[in-house]
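Read the structure below first, then the notes.
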Amino acid sequence: MLTDIEPVEILTVIRERRSVRNYTDREVPETAIRSIIAAGIQAPTALGLQPWQFVVVRDRNLMRRASDYCKPILAEKIQEESRPETEEFLAALRNPDYSIFYNAPVLVLVLGARDVVSSVLDCSLCAENMMLAAWALGIGSCWIGSAALIQENPDLVSALKIPDDHQVVAPLIFGYPAPLLPKPDRREPRITWVP
């Protein structure tokens, strides 16, 4: 449980959390992953249905297979968009050594029940809790939305043990961050106050 860790001020965690795309080789302990998932399931959920399941993947060969499957599909979609800001990512996708999972040691698939109308929203809230909890534990994370393409490949679905009645909502990677560049500033929010 998270009560076993030193408390961290939540607003600081929210402010400092960032997407991590560079990891050390250090393994993430199972206890940490369990604590992260335990934080995730505290998220709000419509009608208390809790439509989530989790698949924890530590098999780097399987993660490589999933990445290799997704890369050409992503490259084709990005090429169709033809935007200058996507050129760097497109070049990375064409590099055989590039992994969409950034060589993170753990992939957690947050799955949502297909028959629950609020599943995507509920599981998204769960995923955000998980990323915040990870940061509080000194563990980096990144939501790899493009990895949801794996559910189009029956062999990967089978290898990842994704049940037919669930869909991939949030593919999240976790690991200990390698040195990071400074976090980019956020734009000021547009707020309309209605008296």
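In terms of this note's numbering, the sequence shown opens at residue 59 and continues consecutively. Quick reminder that beta carbons are idealized off the backbone N, C-alpha and C, glycines included.
Locate the alpha helix (DSSP H) running through residue i, then write down its first and last residues.
| i | result |
| --- | --- |
| Gln209 | Unbroken run through Gln209: none, as it is neither H nor E. |
| Gly106 | Counting along the chain, Gly106 falls outside any alpha helix (DSSP H), and DSSP gives it neither H nor E. |
Can you tell me which of the three DSSP states residue i falls into?
| i | result |
| --- | --- |
| Thr70 | helix |
| Gln137 | helix |
| Ala191 | helix |
| Phe147 | helix |
| Ser176 | coil |
| Met59 | Unreliable positioning characterises Met59 in this predicted model, as indicated by a pLDDT of 47, which lies under 50. A coordinate reading is not provided. |
| Val164 | strand |
| Tyr81 | strand |
| Gly98 | helix |
Select from the options the residue whose C-alpha is nearest the C-alpha of residue i.
| i | options | result |
| --- | --- | --- |
| Pro87 | Glu145, Gly196, Ala236 and Ile158 | Gly196 |
| Ala133 | Met121, Val174, Asn161 and Arg152 | Arg152 |
| Ala162 | Pro142, Phe232, Arg75 and Ala90 | Phe232 |
| Ala185 | Ser204, Ile94 and Ile68 | Ile94 |
| Ala101 | Val178, Tyr81, Asp155 and Arg123 | Val178 |
| Arg76 | Asp180, Glu138, Gly198 and Leu105 | Gly198 |
Which whole-angstrom value describes the C-beta separation of residue i and residue j, a residue pair presumed to lie in contact below a C-beta threshold of 8 Å?
| i | j | result |
| --- | --- | --- |
| Val78 | Leu238 | 7 Å |
| Trp193 | Glu74 | 7 Å |
Short of 7 Å in beta carbon distance, which residues of its chain neighbour residue i, apart from the five on each side in sequence? Order them along the chain.
| i | result |
| --- | --- |
| Ala206 | Val226 and Pro229 |
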